[in-house]
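Asks: Residues in the sequence shown are numbered from 52 upward in steps of one, following the numbering used here.
We put the CB at the ideal spot given by N, CA and C, even for glycine.
Keep in mind the model is a prediction, meaning the values are calculated, not measured.
Sharing a structure, written as structure tokens. Questions coming.
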Amino acid sequence: MKRFISIAVAFVLMLGSSGLIVFARDRCECGTPPIVVISGFATVPLTYVDENGKEERAWAPSNKRIFNGVAGVIPPLTRLMFDKNWETFLDKTNPGVVSIFEPILCDGSGVPIHNIKAREFPLSADNYPDFYNNDINDEQAFIKTAIDVYGGDHIYFFNYDWRLDPTDIAKELKDFVKNVKNETRHDKVTLIGCSMGGNIALSYLRLFGSGDIHNFILDNAAFQGTSIIGECFMLDFEFDSDAVLNYIYQFVKSDVLDSFLRMTGVFDKLIPAVEDLIEIISGQLSSEVLYPVFANLPGIWALVTDDTYEQAKAAALDSKENARLIKKIDFYHYEVQQKAEKLLKKAKANGCNIMILSNYNYYGIPITPTRHNNNDILIDTKYSSGGAVCAKLGSTLGEGYVQKKTSCGHNHVSPDNVIDASTCMFPEYTWFVKDMKHLDYPYGTQGADFLMWLAGTKKQPTVFSEVSYPQFMEFDYKTGKLTPTAEAAAAAAVIEVLNPQTGG
Ligand SMILES: [Zn+2]
Ligand SMILES: [Zn+2]
Numbered sequence: 052m053k054r055f056i057s058i059a060v061a062f063v064l065m066l067g068s069s070g071l072i073v074f075a076r077d078r079c080e081c082g083t084p085p086i087v088v089i090s091g092f093a094t095v096p097l098t099y100v101d102e103n104g105k106e107e108r109a110w111a112p113s114n115k116r117i118f119n120g121v122a123g124v125i126p127p128l129t130r131l132m133f134d135k136n137w138e139t140f141l142d143k144t145n146p147g148v149v150s151i152f153e154p155i156l157c158d159g160s161g162v163p164i165h166n167i168k169a170r171e172f173p174l175s176a177d178n179y180p181d182f183y184n185n186d187i188n189d190e191q192a193f194i195k196t197a198i199d200v201y202g203g204d205h206i207y208f209f210n211y212d213w214r215l216d217p218t219d220i221a222k223e224l225k226d227f228v229k230n231v232k233n234e235t236r237h238d239k240v241t242l243i244g245c246s247m248g249g250n251i252a253l254s255y256l257r258l259f260g261s262g263d264i265h266n267f268i269l270d271n272a273a274f275q276g277t278s279i280i281g282e283c284f285m286l287d288f289e290f291d292s293d294a295v296l297n298y299i300y301q302f303v304k305s306d307v308l309d310s311f312l313r314m315t316g317v318f319d320k321l322i323p324a325v326e327d328l329i330e331i332i333s334g335q336l337s338s339e340v341l342y343p344v345f346a347n348l349p350g351i352w353a354l355v356t357d358d359t360y361e362q363a364k365a366a367a368l369d370s371k372e373n374a375r376l377i378k379k380i381d382f383y384h385y386e387v388q389q390k391a392e393k394l395l396k397k398a399k400a401n402g403c404n405i406m407i408l409s410n411y412n413y414y415g416i417p418i419t420p421t422r423h424n425n426n427d428i429l430i431d432t433k434y435s436s437g438g439a440v441c442a443k444l445g446s447t448l449g450e451g452y453v454q455k456k457t458s459c460g461h462n463h464v465s466p467d468n469v470i471d472a473s474t475c476m477f478p479e480y481t482w483f484v485k486d487m488k489h490l491d492y493p494y495g496t497q498g499a500d501f502l503m504w505l506a507g508t509k510k511q512p513t514v515f516s517e518v519s520y521p522q523f524m525e526f527d528y529k530t531g532k533l534t535p536t537a538e539a540a541a542a543a544a545v546i547e548v549l550n551p552q553t554g555g
């Protein structure tokens, strides 16, 4: 027995010297790099521990906080009905409204006031069945599908505190990726940046380069911002009933309700009153609620577009009081967002595959001058695609439209004449899906299959690599089918010939 133990000990010692090398060489041979899904904005609630040691929700605000904040509005509202004094009303109610957001507040330097935690998922996805199993859309749908296709031990979900600057979050992602590489025994990972996750992924390229990355996918990413955020900071509000009705229709899809609302003209009557009210209250509401709550969050500034960035900053921040915050968000804006094309091209030159996904044919939140921009519900298509020329919603680029850039020799104008992708950062690597909502790609649909095709690709795919996945496709929520737009248009033309009375 003693002899056996000493042999065993000798064997272990021997392994000890060479063992590490043996393990390091023992790479996974499956051929598919592990996939790291970088969450979008607030997919998972942020939590904090309250004074009684109980875990509470910080974002989205808890019902209790919303109730308390709103309850405080009622007494001043009664008074407002008599004296019509909005200033006194807002003096009384704004602190209560701010208290709804208290847990997420940052100070004027952009530093969180309270200790909040974003739920972490350090292990592979098969360790968190409660997280993805019940959801059929968005990041969870992606993870659920990827587990079916690639196995749960090669899929990871990176979640973060979205209030922080993306370059700070990218440092956490670096450790995360290192861990994924070790656990899966791969040298590289596939990064898929969903929505705001694209901003984190791009920050990663800026800080750490592309050495760790096999496929770099931007899925309806905010890497070039989205119009509405900067416009809100600039208090640039605009409305019209058509945009509001179309926006509602996207969610409710009821022709009866739509005809009813259009017939009554309720929004035509309501909107001038809302505009007048905004004129009266936006100044006080922004300086006491909007700016102290949201303009102090560095992460929000990463969602502001280049067109609006400096103006929004001038409106919402003070160059002295917010100097540290400004320094931080300027670095992201000028070194990451504005240099996106350069960063991506460098990654590409170093052997990283680049894929960009952009959805269209939806209204965004219809309260600003860009409300008729083609959008995926949250992000303007021209930004998520990295620079496509897009027709306004409900219209086309016009008869006889000529593609802006023709040097590559391809056609990059969509068959529906709504998108010109020739101006994108990567016309050959950018796919457009009509009628697919932001990140959606529901589980069990051809939309989800398409994402898997992208995520599992070995070599750089182009919009010409696979006939089923050309540059322009459209998604049907009823059937779950993803169809090349050209085919869909041809099929629609046939139906129109068969039933001429339904045409026009
Ligand atoms: Zn593997
Ligand atoms: Zn081309």
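Among 258, 373, 276, which has the Cα closest to the Cα of residue 351?
Replies: Minimum Cα distance to residue 351 is reached at 276.
Asks: How about residue 354 and residue 247: do their beta carbons lie closer than 8 Å?
Replies: It is a contact, given that the beta carbons lie within the stated cut-off.
Asks: By DSSP, does residue 168 sit in helix, in strand, or in coil?
Replies: Strand.
Asks: Taking only runs of the alpha helix (DSSP H) that begin and end inside the segment 455 to 538, which ones reach a length of at least 4 residues, in chain order?
Replies: With a minimum length of 4 residues, the continuous alpha helix (DSSP H) runs that stay inside the segment 455 to 538 are 497 to 506.
Asks: Roughly how many angstroms separate the alpha carbons of residue 253 and residue 87, rounded to a whole number?
Replies: When rounded, the distance between both Cα atoms is 14 Å.
Asks: Whether or not the segment 92 to 100 and the segment 164 to 171 are in contact is what I'm after, with contact meaning three or more pairs of Cβ atoms, one per stretch, closer than 8 Å; do they touch?
Replies: Yes, since at least three Cβ pairs between the segment 164 to 171 and the segment 92 to 100 fall closer than 8 Å, the two stretches touch.
Asks: By a C-beta neighbour count over all protein chains shown, 10 Å radius and 16 as the cutoff for buried, is residue 165 buried or exposed?
Replies: By the 10 Å Cβ count, residue 165 comes out exposed.
Asks: Which residues in the same chain as residue 72 place their Cβ atom closer than 7 Å to its Cβ, once the five residues preceding and following it in sequence are excluded?
Replies: Because the pLDDT at residue 72 is just 46, under 50, the model does not fix this residue reliably, and the value given afterwards should be weighed accordingly. Counting only Cβ-Cβ distances below 7 Å, and skipping sequence neighbours, we find nothing.
Asks: Smallest Cα separation from residue 494: which of 137, 125, 195, 77?
Replies: That would be 195, whose Cα lies nearest to the Cα of residue 494.
Asks: Alpha helix (DSSP H) containing residue 121: first to last residue?
Replies: Unbroken alpha helix (DSSP H) run through residue 121: 114 to 122.
Asks: Quick check on residue 198: does DSSP put it in helix, strand or coil?
Replies: Here residue 198 sits in helix by DSSP.
Asks: Given that a residue counts as buried once 16 or more other Cβ atoms are within 10 Å of its Cβ, and exposed if not, what is residue 457?
Replies: By the 10 Å Cβ count, residue 457 comes out exposed.
Asks: To which residues of the same chain is residue 510 closer than 8 Å at the C-beta, ignoring the five residues directly before and after it?
Replies: Closer than 8 Å at Cβ, skipping near neighbours: 404.
Asks: For residue 205, which of helix, strand or coil comes out of DSSP?
Replies: Correct three-state label for residue 205: helix.
Asks: Considering only residues of the same chain and omitting the five flanking positions on each side of residue 79, which have a CB-CB separation below 7 Å?
Replies: If we look at residue 79 and ignore the five residues flanking it on each side, its Cβ neighbours are 235, 236, 237.
Asks: List the residues that DSSP assigns as beta-bridge partners of residue 81.
Replies: Bridge partners of residue 81: none, in fact.
Asks: Evaluate contact between the segment 425 to 445 and the segment 369 to 380, counting only Cβ atoms and requiring at least three cross-stretch pairs below 8 Å.
Replies: Too few Cβ pairs lie closer than 8 Å, so no.
Asks: Leaving out the 5 sequence neighbours to the left and right, which residues in its chain are closer than 7 Å to residue 117 when beta-carbon positions are compared?
Replies: Cβ within range, chain order: 151.
Asks: Where does residue 244 fall in DSSP's three states?
Replies: Reduced to three states, the DSSP call for residue 244 is strand.
Asks: Sort 532, 409, 523, 453 by Cα distance to residue 579 and report the nearest one.
Replies: The structure shown has nothing for residue 579, since the chain only spans 52 to 555.
Asks: According to DSSP, is residue 73 part of a helix, a strand, or is it coil?
Replies: The predicted model places residue 73 with a pLDDT of 45, which falls under 50 and marks its position as unreliable; any figure quoted below should be read in that light. In this structure, residue 73 counts as helix in the three-state DSSP scheme.
Asks: Please state whether DSSP places residue 86 in a helix, a strand or coil.
Replies: Note: residue 86 maps to strand in three-state DSSP.
Asks: According to DSSP, simplified to helix, strand and coil, what is residue 384?
Replies: Reduced to three states, the DSSP call for residue 384 is helix.
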